[in-house]
Amino acid sequence: MTRVLVPLPVVLPLLAAALNVLLVRRQSLQRVVSVLALGGVLATAVLLLREADRSGATVVQLGGWAAPAGISLVADRLSTLLLAVSSGVLLAVLLYAVGQGITDGRRTTPAVFHPCYLVLSAGIAMAFLTGDLFNLFVAFEVMLVASYVLITLDGNGPQVRAGMTYVVTSLVASVLFVTAVGLVYAATGTVNLADAAVRLQDVPEGVRLALGLTLLVVFGIKAAVFPLFSWLPDSYPTAPSPVTAVFAGLLTKVGVYAILRTQTLLFPGSPVLSRVLLVLAVLTMVVGILGALVQDDLKRLLSFTIVSHIGYMLLGLGLASTAGLAGAVLYTVHHIVVQTTLFLVAGLVERRSGTGSLRRSGGMQQVAPVLAVLYLLPALSLAGIPPLSGFVAKLPLLQAGLADGGALALTAVAAAVLTSLLTLYAVGLLWSEVFWGPVADVVPDADRTDSVVVGTARTPRLMLVAAAAAVVAGLAIPVLAGPLYALSERAAEDLVARDAYVSAVLGDGR
Amino acid sequence: MTTSERADPSRSVVLETAVRLVFHTVLVFGVYLLFAGHNQPGGGFVGGLVAGCAFVLRYAVTGREGIGRAVPVDPVLPLGAGLLLAGVTGAAAWLLDGQFLESGKVELDLPVLGVVKATSALPFDTGVFLVVVGLVLLVLRTLGAEAEQ
Numbered sequence: 266m267t268r269v270l271v272p273l274p275v276v277l278p279l280l281a282a283a284l285n286v287l288l289v290r291r292q293s294l295q296r297v298v299s300v301l302a303l304g305g306v307l308a309t310a311v312l313l314l315r316e317a318d319r320s321g322a323t324v325v326q327l328g329g330w331a332a333p334a335g336i337s338l339v340a341d342r343l344s345t346l347l348l349a350v351s352s353g354v355l356l357a358v359l360l361y362a363v364g365q366g367i368t369d370g371r372r373t374t375p376a377v378f379h380p381c382y383l384v385l386s387a388g389i390a391m392a393f394l395t396g397d398l399f400n401l402f403v404a405f406e407v408m409l410v411a412s413y414v415l416i417t418l419d420g421n422g423p424q425v426r427a428g429m430t431y432v433v434t435s436l437v438a439s440v441l442f443v444t445a446v447g448l449v450y451a452a453t454g455t456v457n458l459a460d461a462a463v464r465l466q467d468v469p470e471g472v473r474l475a476l477g478l479t480l481l482v483v484f485g486i487k488a489a490v491f492p493l494f495s496w497l498p499d500s501y502p503t504a505p506s507p508v509t510a511v512f513a514g515l516l517t518k519v520g521v522y523a524i525l526r527t528q529t530l531l532f533p534g535s536p537v538l539s540r541v542l543l544v545l546a547v548l549t550m551v552v553g554i555l556g557a558l559v560q561d562d563l564k565r566l567l568s569f570t571i572v573s574h575i576g577y578m579l580l581g582l583g584l585a586s587t588a589g590l591a592g593a594v595l596y597t598v599h600h601i602v603v604q605t606t607l608f609l610v611a612g613l614v615e616r617r618s619g620t621g622s623l624r625r626s627g628g629m630q631q632v633a634p635v636l637a638v639l640y641l642l643p644a645l646s647l648a649g650i651p652p653l654s655g656f657v658a659k660l661p662l663l664q665a666g667l668a669d670g671g672a673l674a675l676t677a678v679a680a681a682v683l684t685s686l687l688t689l690y691a692v693g694l695l696w697s698e699v700f701w702g703p704v705a706d707v708v709p710d711a712d713r714t715d716s717v718v719v720g721t722a723r724t725p726r727l728m729l730v731a732a733a734a735a736v737v738a739g740l741a742i743p744v745l746a747g748p749l750y751a752l753s754e755r756a757a758e759d760l761v762a763r764d765a766y767v768s769a770v771l772g773d774g775r
Numbered sequence: 022m023t024t025s026e027r028a029d030p031s032r033s034v035v036l037e038t039a040v041r042l043v044f045h046t047v048l049v050f051g052v053y054l055l056f057a058g059h060n061q062p063g064g065g066f067v068g069g070l071v072a073g074c075a076f077v078l079r080y081a082v083t084g085r086e087g088i089g090r091a092v093p094v095d096p097v098l099p100l101g102a103g104l105l106l107a108g109v110t111g112a113a114a115w116l117l118d119g120q121f122l123e124s125g126k127v128e129l130d131l132p133v134l135g136v137v138k139a140t141s142a143l144p145f146d147t148g149v150f151l152v153v154v155g156l157v158l159l160v161l162r163t164l165g166a167e168a169e170q
C-alpha cells in the first residue's frame with residue numbers, strides 16, 4: 266500500500282497542474298482542483314511519515330527498474346517529515362493566495378498561478394523523496410522553472426529586474442549542479458545516492474573532498490548561504506507575498522535538505538567539511554542579521570532574516586553529531602513554518618497600509634490589533650523567546666554545540682546567541698515602526714494594473730484565516746516539542762547510521 | 022493578385038510556396054519519429070519538436086493569424102491534455118499491480134499491418150509530444166504577438 270503512496274506527492278500535483286491548464290478559464294474549478302490535490306499530498310505525506318517512523322524507509326523503484334540503474338524514491342523519516350510540514354505550508358499559502366485574488370490572472374494574461382504553483386509543489390516533493398542525484402537535479406529544475414513564472418507573475422519592471430537576478434543565479438547554480446553530477450558519475454560510475462555512498466568509500470580522499478565542496482557550493486547557492494546569498498534579498502521581496510512566503514519557507518529549505526542529505530550520506534565524517542560548514546554557519550548568521558538591521562522595507566528585512574537563520578541549520582550539520590543533526594532537523598521544521606507565516610503577515614500588513622516601507626507606516630496595532638498579534642507570535646518565535654518554537658528549536662542546537670566543546674563550535678554557539686539577540690532587535694524594530702507610533706495614512710495602490718491589490722484598509726477573511734492557521738501551526742511546535750524532537754533525533758540517527766538507507770535502496774544483498 | 026499584395030515587401034512567393042510544400046511532410050515526419058521512438062532514434066520530445074518546426078515555418082509565412090487558422094484550438098489545450106495523458110499513463114501501472122511508470126506491452130495481429138507491438142510508453146510519449154507542440158504554439162502566439170506589434 267505504502268508503495269503506491271510514495272510517488273503520489275509528485276504525481277498528484279502534476280496531474281492537477283495538467284487539469285488546471287485545461288481549466289484555465291474556470292477559476293473556481295481551478296481552486297477546487299488545487300486545494301484537493303495539495304490536501305491529498307498532505308494526507309499522503311502524513312501517512313508516509315507514520316509508516317516511515319514505524320517500520321523504516323519505504324523505497325519505490327520507478328518503472329520497476331532496480332536500484333542503481335533506475336530511479337529510486339525513498340520515503341524515510343527525514344524526507345517524509347519535511348514533506349509533511351511543507352505540504353501543510355503549501356496548502357495554507359494556496360488558500361491565502363486565493364483570498365488575495367492573485368490567482369485569477371489579469372485580463373491580458375491567463376491564470377497561470379495554479380498550474381505553476383502545483384508544478385512547484387511537485388518539484389519540492391520530488392526533491393525530498395528522490396534517492397538519485399540526477400533526479401534531484403531534475404526536481405530542482407522543475408521547481409525553478411515554476412518559480413521563474415511565479416516570481417515574475419505580473420511582468421512589471423521591478424519584477425523582471427529581480428527575476429533576472431534570480432534566473433541568472435539559478436542557472437549558474439544549475440550548470441554547476443550538472444557538472445557536479447557528472448563528476449560524481451565519473452568518480453563512482455553511479456548517480457544513485459545509496460550506491461554512490463558505498464562506492465565513494467573507495468575514492469581517494471582529495472577527490473571526495475572536492476566533490477563534497479562542489480555540491481556544497483551548488484546547494485549553498487540554493488540555500489542562500491554566505492557568501493552566496495545576495496541574490497535572495499534582491500529578488501524575493503518584489504514577488505506577491507504568498508509567492509515570497511512559499512519561496513522563503515520552502516525553496517531555501519530544499520537547499521538545506523539537499524546539503525543535509527548529501528553531506529551525511531555521501532561525505533560523512535570529513536573534518537574539513539565540518540569545519541567549513543561551521544565557519545559558513547557563523548558568517549551566514551551574523552552577516553545575514555546585520556543586513557536585516559538596516560533595511561527600510563518589510564519584506565527585505567524579513568528576507569535577510571531567512572539568510573541569517575539558514576546559518577543555524579548549518580551549525581547543526583557542522584557539529585556532525587547526532588544531537589547537532591537532530592537540532593538542525595527540528596530547526597528546519599520550525600523555520601519553514603515561522604518564516605512562511607511572517608511573510609504571510611507582511612502581505613496582510615501591506616494589504617491594509619499600502620506600503621512595505623517602515624518609515625511610511627505606523628500605528629498598525631491601533632487599527633488592526635489582530636494583525637499585531639499574528640505578527641508578534643512568529644516574530645518572537647523567530648528570535649527564540651521561550652516558550653515559542655524558536656526557543657525549542659535553538660535549545661538542542663546550542664546544547665549540541667556546548668557538548669562538542671571545540672573552539673570553533675563554541676564560537677558558533679556564541680554567534681548563534683548573538684544572532685538571536687540581533688533578530689529580536691530586528692523584529693522589534695519592525696514592530697515599533699509598523700505597529701507602534703501614530704497611525705499612518707493608508708498609501709494608495711502604487712500600481713493598479715498588477716494583480717496585487719494593496720492599501721485597501723481592510724483584510725479579506727480567507728487571507729486572515731490562512732495566516733492565522735499558519736501561526737497556530739507554529740504554536741503547535743512547542744506543544745508537540747517532545748515527540749517532535751524525539752522524531753528529529755530518530756531522523757538524525759538514520760542520517761548518521763547510513764546502512765539502513767543504503768540497504769533499503771539497494772536491497773539486502775549488500 | 023491585387024496591386025497592394027504585390028507591393029507588400031514582406032511577402033516572399035518562394036518562401037510561401039516552399040512552406041506550403043514541406044509543411045505536411047515535416048508534420049508527418051514528426052509523427053513518424055513519435056512512433057519510431059521506442060526501438061529507434063526518436064520519441065515524443067523530438068517528434069514534438071519537429072512537428073513544432075512545421076508550425077514555426079508556417080508562422081514565418083502567415084504570421085499569427087495563419088497559425089490560428091491551422092490549429093483552431095487554444096494552445097494550452099494540447100499542453101494540458103498531453104501532461105494529463107502522460108501522468109495518467111504512468112499512474113495506470115498501479116491498476117495493473119506495477120510500479121509507477123512501469124511499462125507494459127501488447128502484441129496485436131492486425132489485418133493489414135501484420136504483428137504490431139504496442140507498449141504503454143507510446144501513450145506516455147504521445148503526451149510528451151502534445152506538451153511540446155502545445156508549448157511551441159503557445160510561444161508562437163504570445164511571443165509572436167509582441168514581435169508583430
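These protein sequence lines map, in sequence, to chains A and B. Start counting the first sequence at 266; every next residue gets the next number (my numbering). Start counting the second sequence at 22; every next residue gets the next number (my numbering). Even for Gly, the Cβ is constructed at its ideal location relative to N, Cα and C.
Legend entry - Closer than 8 Å at the beta carbon, the chain D residues around A282 of chain A: Here chain D cannot be found, since the structure's protein chains are A and B.
Inset, instruction - May I ask you to report which of helix, strand or coil DSSP gives E123 of chain B? - result: Here residue 123 of chain B corresponds to residue number 102 of the second sequence, with the count starting at 1. E123 of chain B: coil per DSSP, three-state reduction.
Legend entry - Proximal residues of chain B, C-beta to C-beta of P272 of chain A below 7 Å: Along the first sequence, one-based indexing puts residue 272 of chain A at 7. Correct list: F121.
Inset, instruction - Under 8 Å by Cβ, that's how I've got C381 of chain A and L348 of chain A pegged, so tell me the actual separation to the nearest angstrom. - result: Along the first sequence, one-based indexing puts residue 381 of chain A at 116. Along the first sequence, one-based indexing puts residue 348 of chain A at 83. That belief does not hold up - the Cβ atoms of C381 of chain A and L348 of chain A are roughly 20 Å apart, past 8 Å.
Legend entry - Straight-line gap, R342 of chain A to L545 of chain A (C-alpha atoms, nearest Å): Taking the first residue of the first sequence as position 1, residue 342 of chain A is located at position 77. Taking the first residue of the first sequence as position 1, residue 545 of chain A is located at position 280. Looking at the two C-alpha atoms, the distance is approximately 27 Å.
Legend entry - chain B contact for V297 of chain A (CB, 9 Å cutoff): Residue mapping note: residue 297 of chain A aligns to position 32 of the first sequence, counting from 1. By the rule that beta-carbons nearer than 9 Å mark a contact, V297 of chain A does not touch chain B.
Inset, instruction - Determine, using beta-carbon pairs with one atom in the region 134–153 of chain B and one in the region 56–65 of chain B, whether at least three such pairs fall under 8 Å. - result: The region 56–65 of chain B and the region 134–153 of chain B touch, with three or more beta-carbon pairs separated by less than 8 Å.
Inset, instruction - Could you confirm whether any beta carbon from chain B is found closer than 9 Å to the beta carbon of V269 of chain A? - result: One-based indexing of the first sequence puts residue 269 of chain A at position 4. With 9 Å as the cut-off, V269 of chain A counts as an interface residue toward chain B.
Inset, instruction - From the DSSP output, in three-state form, read off G87 of chain B for me. - result: Position 66 of the second sequence, counting from 1, holds the residue named residue 87 of chain B. It is helical.
Inset, instruction - Would you decide whether G774 of chain A is buried or exposed? Buried here means 16 or more other CB atoms lie within 10 Å of its CB. - result: Within the first sequence, numbered from 1, the residue matching residue 774 of chain A stands at position 509. Any reading at G774 of chain A is ruled out, since the residue's pLDDT is 44, under 50, leaving its predicted position unreliable.
Inset, instruction - Check whether the Cβ atoms of I575 of chain A and G553 of chain A sit closer than 9 Å, and answer yes or no. - result: By 1-based counting over the first sequence, the position of residue 575 of chain A is 310. By 1-based counting over the first sequence, the position of residue 553 of chain A is 288. Yes, the pair counts as a contact, with Cβ atoms nearer than the cut-off.
Legend entry - Unbroken beta strand (DSSP E) run spanning L338 of chain A, endpoints: Taking the first residue of the first sequence as position 1, residue 338 of chain A is located at position 73. L338 of chain A -> beta strand (DSSP E) spans S337 to A340.
Legend entry - T503 of chain A vs I571 of chain A beta-carbon contact at 9 Å: Position 238 of the first sequence, counting from 1, holds the residue named residue 503 of chain A. Position 306 of the first sequence, counting from 1, holds the residue named residue 571 of chain A. No, the Cβ-Cβ distance between T503 of chain A and I571 of chain A is not below 9 Å.
Legend entry - Alpha-carbon to alpha-carbon, F532 of chain A and L796 of chain A: Residue 796 of chain A lies beyond the residue range present for chain A, which begins at 266 and ends at 775; the question has no answer from this structure.
Legend entry - Length of the line joining the Cα atoms of G485 of chain A and G520 of chain A: Against the first sequence, residue 485 of chain A aligns to sequence position 220. Against the first sequence, residue 520 of chain A aligns to sequence position 255. Going from the Cα of G485 of chain A to the Cα of G520 of chain A covers about 7 Å.
Legend entry - Buried versus exposed, by CB contacts within 10 Å (16 or more), L117 of chain B: Indexing the second sequence from 1 puts residue 117 of chain B at position 96. Exposed.
Inset, instruction - Starting from the C-beta of V306 of chain A, find all residues in its chain whose C-beta is less than 6 Å away, skip the five residues before and the five after it, and write them out in chain order. - result: In the first sequence, residue 306 of chain A corresponds to position 41, counting from 1. Setting aside the 5 residues that flank it on each side, V306 of chain A is surrounded in the same chain by P274, L277 and S352, each with a C-beta closer than 6 Å to its C-beta; the list follows chain order.
Legend entry - Proximal residues to G328 of chain A (C-beta, below 7 Å), its chain only, five neighbours per side dropped: Start at 1 with the first residue of the first sequence, and residue 328 of chain A comes out as number 63. The answer, listed in chain order, is G335.
Legend entry - Beta-ladder partner(s) of T529 of chain A, from DSSP: Indexing the first sequence from 1 puts residue 529 of chain A at position 264. None, per the DSSP bridge assignment.
Inset, instruction - Would you verify that the beta carbon of G329 of chain A is, or is not, closer than 9 Å to some beta carbon of chain B? - result: The residue you call residue 329 of chain A lines up with position 64 of the first sequence. Closer than 9 Å: yes.
Legend entry - Outcome for R549 of chain A when other beta-carbon atoms lying within 10 angstroms are tallied against a minimum of 16: Your numbering for residue 549 of chain A matches position 284 in the first sequence. Sequence check: residue 549 of chain A is Thr here, not Arg. It counts as buried.
Legend entry - Best match in A:V339, A:G619 and A:G581 for proximity to R723 of chain A [C-alpha to C-alpha]: Within the first sequence, the letter at position 458 stands for residue 723 of chain A. Checking every option, the nearest Cα to that of R723 of chain A belongs to A:G619.
Legend entry - Closer than 8 Å: F484 of chain A CB and nearest the ligand ATP heavy atom: What this structure holds is no ligand at all, so the ligand ATP is not there to describe.
Inset, instruction - Output yes or no for whether 9 Å exceeds the beta carbon distance between L590 of chain A and T529 of chain A. - result: As a first step, residue 590 of chain A is located in the first sequence; it is residue number 325 there, counting from the start. As a first step, residue 529 of chain A is located in the first sequence; it is residue number 264 there, counting from the start. A contact, by the Cβ cut-off of 9 Å.
Legend entry - Complete runs of the alpha helix (DSSP H) confined to the region 542–606 of chain A [at least 4 residues]: 563–584
Inset, instruction - Would you verify that the beta carbon of L164 of chain B is, or is not, closer than 9 Å to some beta carbon of chain A? - result: Within the second sequence, the letter at position 143 stands for residue 164 of chain B. Cβ-Cβ to chain A under 9 Å: no for L164 of chain B.
Inset, instruction - Starting from V325 of chain A, find everything on chain B with Cβ-Cβ shorter than 8 Å and list it in chain order. - result: Residue numbering aside, residue 325 of chain A sits at position 60 when the first sequence is read from its first letter. Residues of chain B whose Cβ lies closer than 8 Å to the Cβ of V325 of chain A are, in chain order, Q120 and F121.
Legend entry - Neighbourhood of L771 of chain A by C-beta, 6 Å cutoff - its chain only, sequence neighbours within 5 removed: Taking the first residue of the first sequence as position 1, residue 771 of chain A is located at position 506. Once the five neighbours on either side are set aside, the close Cβ partners of L771 of chain A are A332 and A459.
Legend entry - A139 of chain B, enclosing beta strand (DSSP E) - first and last residue: Position 118 of the second sequence, counted from the first residue, corresponds to residue 139 of chain B. Segment G135 to T140, the beta strand (DSSP E) holding A139 of chain B.
Inset, instruction - Compute the distance between the beta-carbons of L695 of chain A and L623 of chain A, then report whether it is under 9 Å. - result: Taking the first sequence and counting its residues from 1, one reaches residue 695 of chain A at position 430. Taking the first sequence and counting its residues from 1, one reaches residue 623 of chain A at position 358. Taking 9 Å as the Cβ cut-off, L695 of chain A and L623 of chain A qualify as a contacting pair.
Legend entry - Endpoints, beta strand (DSSP E) assigned at T323 of chain A: Walking along the first sequence from the start, residue 323 of chain A turns up at place 58. Secondary structure note for T323 of chain A: its beta strand (DSSP E) is the uninterrupted segment T323 to Q326.
Inset, instruction - Can you give me, in chain order, the residues of the region 87–112 of chain B that have a beta carbon less than 9 Å from any beta carbon in chain A? - result: D95, V97, L98, L100, G101, A102, G103, L104, L105, L106, A107, G108, V109, G111 and A112
Legend entry - One or two residues paired with E37 of chain B in a DSSP bridge: In the second sequence, counting from the first residue as 1, residue 37 of chain B sits at position 16. Paired residue(s): none; E37 of chain B is not in a bridge.
Inset, instruction - Taking only the alpha-carbon atoms, compute the straight-line gap between T395 of chain A and D710 of chain A and give it to the nearest angstrom. - result: Along the first sequence, read from residue 1 onward, the residue named residue 395 of chain A stands at position 130. Along the first sequence, read from residue 1 onward, the residue named residue 710 of chain A stands at position 445. Pairing T395 of chain A with D710 of chain A, the inter-Cα distance amounts to about 43 Å.
Legend entry - contact_flag[the region 149–158 of chain B, the region 68–75 of chain B] where n(CB pairs < 8 Å) is 3 or more: yes
Legend entry - Own chain partners of A404 of chain A with C-beta closer than 7 Å, once the 5 adjacent residues on each side are dropped: In the first sequence, counting from the first residue as 1, residue 404 of chain A sits at position 139. Taken in chain order, the residues that qualify are G388, M391, A392 and T395.
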